[in-house]
Amino acid sequence: MKYSSLVMGLAALAVPMLTNGAEVKTELLENYAKHSQYLDVKISPRGDYLAATSRNEEGSVLLTVLDINESKILSITQGNGRESVSSFQWANNERLIMTMAREIGSLDAPVPTGEIFAMNADGSNQVILTGPRSSDGNYEFAQVVDYLPEDPEAIMIYTRSFFSKEPYLDLYTMKVTSGRKRSEGRIPLRAYASTNVQVVLDSDGVSRMVLGIDPNEKNKTVILGRDGANKDWYEVDSYYETDGGFMPLLMLPGTDQVLGLSDSQSDTRSLSVLDLSTKQETVMAEHPNTDLMPIMSVKNGRANEVIGAAFEYNGIDTFFFDDVEDKDYARLVQSLIATFPGQSVGINSSTRDNRKLIVRVESVNAPAKFYLFDRDKRALTPIAAAKPWLDGHTIPTTQTIVYKSRDGLDIHALLTLPNGKEAKDLPLILLPHGGPHGIRDSMGSMDSDAKVLAEHGYAVLQPNFRGSGGFGRKFMELGYKNWGTTMINDMTDGVMHLVKEKIADPDRVCVYGASYGGYAAVQSGIREPDLYKCIVGFVGVYDLNLMYEQGDISEAQAGRNYLDQVLPSDSEGRTEQSPIDNVDKLKAPVFIIQGGADIRVPEEHAFRLRDALKEREHPYEWLYKKGEGHGFYKPENNVERWQKMLAFFEEHIGD
């Protein structure tokens, strides 16, 4: 590692320029495209130091450590060459644990190296603890399982072979000064390709529960448990996704009870507790329409007690339990949430005594900001902003709406409206999300695409169509095998709802999306050729049969099982729902955007769509970036993409 100075700067606001007659605010595009300056901030256990990851002008992520009492920078650490700091955490008050990511080959986005690093707050005693560059030189991928707050000199990690396709995970307690490891045994579940193994420790740092996916059993979830260290593992539960089941999160201190999310007894994910000694599950709380997430108190560095739940339905919301032990902590969290209404509020880190906390606040209408809350002084101090160059700028507002699908479903959506324009007869961009299953458009984080389009006068609709996540298992499963049919209908119904409400001009509607959203954009133009005046597909899937032949999903059995579950069952059905086999139904011009290093949706999808359009002499435009993957990473490429998209939209639905 090496040290370098911290470079900070603010971008100027927009100076408009003309492109194809459209006023494209290029400098504003650059501000939306820039990666966040501050990514994470954490306070040391005694509250002496702050550590933060931030970007320099070259785009590398640095780790800066600040002495709070002296108000001075202690160290700035940067990876070698094309490496960036990926994640970090305090192991104890003086020592930090880090992981790194590296730009590899032609791929523009950094890739995790699988190594774990450690250093002191002042930058001294830097050690590579795992991986080929460590003292043992093992070619293994390592990941931190737990930071063991009860043992400040050690962390719990797992390692797996770089070379095995179906590795087991080996658990170790590792010293944070030397990297010396003590074996804690092997997890008796394989980390099959495209799956993860989850390990849950108890408050004594003993692995008590593990969860994995078995692709040889059609992606069945398998949960194992044990009664303590050196005890035998036994099966706690196994289930298929369509049956619902329990997903462990953490063990409640001093008990055999595991807190988790569960849809075994409800359609949505409830807060549940599973008793390992009896294998009985008890539902703590559930919402009939949306999934819950627990809000926990923290004690001695560990999550301690469930004090409430967070959820999102018509907006970001929470509720709190009355009968909790740590009422003081519950009141603190409620007070912080009340300070930032309509935003997602999380405690990012805290001192061991909980007297000082780092609070992260963000929403669909505001980039993330970090605050230091001093409980003794009752002072909330802003310390860092993810995108400070947007401070003071009036970002277009996104709100939630609900409309009915043609077959009676409630469809929740986000609607972003341009500033300074009456919400009447606006040009509209339909923006379906990717995924598609398990993903939702949320009020919790800002979507730069939606904001950029609204900045240039367009209303933007982001529907959580059937198949989206967060609204229950049945709602998600309604999308299975219906990628190009009823899921598309839900999107069209949202457009027609806005037309009926006279918000959208029916003669000025285009559709744009990425990944599955790119598929949905072209498929929408096929199913509704007279509604959409233009189509933009970004790293989109255009040939459903090709998904079985190319791309990282089909390379693993788990991925093939997923495709069997969500796509039409036979080749003929997939052909009927594939845009490349139905381009003769298109009327609107198509803009195809693709990355050449995309392994999720390989470039062949874009080439086949382009060739099919060429053959029929259908109008199209083309943007191809050789080094980009599944979505553009480099800010300059996103600026160019937006510039060309905005010119395309202006040509077809502009004033």
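Residues -21 to -1, 1 to 634 in mature numbering (1 follows the signal peptide of the UniProt record, and there is no 0) are what the sequence shown spells out, letter by letter. By construction, the Cβ of each residue, glycine as well, lies at the ideal position given by its N, Cα and C atoms.
Just how far apart, CA to CA, sit residue i and residue j?
i           : j      : result
Arg620      : Glu220 : 37 Å
Leu18       : Ser427 : 16 Å
Leu546      : Lys199 : 18 Å
Phe290      : Ile362 : 27 Å
Glu615      : Tyr147 : 41 Å
Thr152      : Asp222 : 36 Å
Val490      : Glu629 : 13 Å
Ala358      : Gly287 : 24 Å
Arg112      : Ser503 : 50 Å
Lys306      : Tyr459 : 44 Å
Ala433      : Pro375 : 6 Å
residue 636 : Leu42  : Outside the displayed span of the chain (-21 to 634) sits residue 636, for which this structure offers no information.
Asp101      : Asn524 : 55 Å
His266      : Leu542 : 30 Å
Gln236      : Met230 : 6 Å
Gly84       : Arg487 : Note that Gly84 has pLDDT 45, beneath the 50 cutoff, so the model's placement of it is unreliable and no number is given.
His412      : His14  : 20 Å
Lys160      : Asp469 : 54 Å
Val106      : Asn59  : 14 Å
Restricting to Cα atoms, I'd like to know which of the options is closest to residue i.
i      : options                        : result
Val385 : Phe444, Asp27, Val338          : Checking the displayed sequence, the identity of residue 385 turns out to be Arg instead of Val. Closest option to Arg385, Cα to Cα, is Phe444.
Gln441 : Thr471, Ser63, Thr464          : Thr471
Asp242 : Pro227, Gly93, Asn71           : Pro227
Gly207 : Thr247, Ser249, Ser557, Leu255 : Leu255
Val248 : Asn35, Glu129, Lys453, Asp531  : The amino acid occupying residue 248 in the given sequence is Arg; Val does not appear at that position. Closest by alpha carbon: Lys453.
Tyr213 : Asp193, Asp332, Met188, Thr92  : Met188
Phe627 : Arg589, Tyr527, Lys564, His435 : His435
Pro397 : Asn333, Ile482, Met466         : Ile482
Ala80  : Phe67, Phe517, Asn72           : Phe67
Asn617 : Gly423, Ser314, Tyr11          : Tyr11
Gly158 : Phe141, Tyr171, Tyr137         : Tyr137
What residue does the beta strand (DSSP E) around residue i start on, and which one ends it?
i      : result
Trp69  : 62 to 69
Ala483 : 483 to 493
Glu583 : Note, Glu583: premise wrong, no beta strand (DSSP E); alpha helix (DSSP H) at 583 to 594.
Ala363 : 358 to 364
For residue i, name the three-state secondary structure that DSSP assigns.
i        : result
Gln502   : helix
Leu432   : helix
Val474   : helix
Ala1     : Caution applies to Ala1, whose pLDDT of 49 falls short of 50 and renders its modelled position unreliable; the value that the coordinates give is listed next. Reduced to three states, the DSSP call for Ala1 is strand.
Met(-14) : In this prediction, Met(-14) has a pLDDT of 24, which is less than 50 and means its spatial position is unreliable; what the coordinates show is noted afterwards. Coil at Met(-14), not helix or strand.
Asn10    : helix
Arg169   : strand
Gly287   : strand
Arg81    : strand
Leu369   : helix
Asn468   : helix
Glu325   : Note that residue 325 is Gly in the sequence shown, not Glu. Strand.
Ala156   : For the record, residue 156 in the displayed sequence is Thr; it is not Ala. The answer is coil: DSSP assigns Thr156 none of H, G, I, E or B.
Glu220   : helix
Ile47    : coil
Met526   : helix
Asp87    : A caution first: Asp87 carries a pLDDT of 47, below 50, which makes its placement in the model too unreliable to give a value.
Asp125   : strand
Between which two residues does the alpha helix (DSSP H) harbouring residue i extend?
i      : result
Phe628 : 614 to 632
Met455 : 452 to 456
Ile316 : 306 to 318
Gly463 : Where Gly463 is concerned, there is no enclosing alpha helix (DSSP H), given that its DSSP letter is neither H nor E.
Pro542 : Strictly speaking, residue 542 in this sequence is Leu, with Pro absent from that position. Leu542 -> alpha helix (DSSP H) spans 536 to 545.
Gly606 : Segment: none, Gly606 is in no alpha helix (DSSP H) and carries neither H nor E.
Gly116 : Here Gly116 belongs to no alpha helix (DSSP H), and DSSP marks it neither H nor E.
Glu551 : 550 to 555
Is the beta carbon of residue i sitting closer than 8 Å to the one on residue j?
i      : j      : result
Gly519 : Ser494 : yes
Ala264 : Leu271 : yes
Val501 : Val439 : no
Ser54  : Val44  : yes
Thr373 : Leu393 : no
Tyr498 : Tyr521 : yes
Ile632 : Pro346 : no
Ile166 : Ala70  : no
Thr464 : Lys430 : no
Gln556 : Trp462 : yes
Ser182 : Gly239 : no
Ile572 : Gly516 : yes
Phe349 : Arg339 : yes
Val303 : Glu284 : yes
Would you say residue i touches the ligand FMN, meaning its beta carbon is less than 7 Å from a heavy atom?
i      : result
Gly436 : Of ligands this structure carries none, so the ligand FMN is not represented either.
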